[in-house]
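Colleague:
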Amino acid sequence: MSKEDCKILDIGCGKNSIFLKSVKPNSSIYGVDVSFFEQTNESKALYENLIICDSKDFAQSIQNIDKDFDIIISNHNIEHCEDPQSTFSAMVDKAKVGGILFFATPSLKSVDFPSRGGGLNFHDDPTHVSPVDLVKLYESESHRLKCTFYEKSAKPFIWWFLGWVQEHISKRKNLIRLGTWDYYGFEQIMWIEKVDL
58 MSKEDCKILD IGCGKNSIFL KSVKPNSSIY GVDVSFFEQT NESKALYENL IICDSKDFAQ
118 SIQNIDKDFD IIISNHNIEH CEDPQSTFSA MVDKAKVGGI LFFATPSLKS VDFPSRGGGL
178 NFHDDPTHVS PVDLVKLYES ESHRLKCTFY EKSAKPFIWW FLGWVQEHIS KRKNLIRLGT
238 WDYYGFEQIM WIEKVDL
């Protein structure tokens, strides 16, 4: 199967189908989310299957999908799950050998960041359940995975610089500005390849 014809599973998908279809127009996209929040008729129509369920049911809902996937995305979702370990394992189960998994979640350090409108401290978002250590999740399944990239507190320079320049405004107005997350290193990011069943 060519990369353009891949199967994608997006956990906590929102309306990400529009972006995914623009990058991979021939892909089949499955989504799992807690609601139709931010969904449009256009974004809903792009999913081959869109599953709406409680976050406590994510692991089982993922396991119930009768497909395996080339790409699995969990972008700021796993910290909302009551059982991140089972949800992570379900995602790994559904990845094809050679498949790629992407995870982004708040840094473990974010519990010590200042509170800010728009969510800078982990606990600013009342829907966050608990901080997630991606390394521990990875290690629990490392016999069948290979980590290709990990950043425990991402601070890409250009975005960090924009955050640094605007920090006084962000602080004074109590609002997240462009680059604020990067200035603090809010995101923990991991790319994983599934190498064995």
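Counting in the working numbering, the sequence shown runs from 58 upward without gaps.
Using N, Cα and C, we set each Cβ at its ideal position, and we do this for glycine too.
1. Apart from the five residues just before and just after S79, which ones in its own chain have a Cβ nearer than 8 Å to its Cβ?
2. According to DSSP, simplified to helix, strand and coil, what is G174?
3. Rounding to the nearest angstrom, what Cα-Cα distance links S131 and S172 in this structure?
4. Can you pull the DSSP bridge partners for P163?
5. Would you mind reading off the limits of the alpha helix (DSSP H) that contains G98?
6. Whose C-beta lies closer than 7 Å to the C-beta of Y195 among residues of the same chain, with five residues either side of it excluded?
7. Buried or exposed, going by whether 16 or more other CB atoms sit within 10 Å of the CB of E244?
8. With a CB to CB cut of under 6 Å and the five nearest residues on each side skipped, what residues in its chain are close to M58?
9. Taking G69 as the reference, give the member of Y87, H225, C63 with the closest Cα.
10. Tell me the start and end of each unbroken beta strand (DSSP E) in the segment 98 to 134 that is at least 3 residues and wholly inside, in chain order.
11. Would you say K72 and F126 are within 7 Å of each other, going by their C-beta atoms?
12. Compute the Euclidean distance between the alpha carbons of D62 and S85, then round it to the nearest angstrom.
13. Cα separation between N121 and K251?
14. Roughly how many whole angstroms lie between the Cα atoms of S164 and I226?
15. What residue range does the beta strand (DSSP E) around T205 cover?
16. Exposed or buried, which one is S167 when buried takes at least 16 other CB atoms within 10 Å?
Modeller: With the given structure in hand:
1. none
2. strand
3. 24 Å
4. E244
5. As written in the sequence, residue 98 is Asn, which differs from the Gly given in the question. Start and end: 98 to 102.
6. L202, C204, M247, I249
7. buried
8. Bear in mind that a pLDDT of 46 at M58, under 50, signals an unreliable position, so the number given afterwards is only what the model happens to contain. Here the set comprises nothing.
9. Y87
10. 106 to 109, 126 to 132
11. no
12. 7 Å
13. 20 Å
14. 23 Å
15. 202 to 208
16. buried
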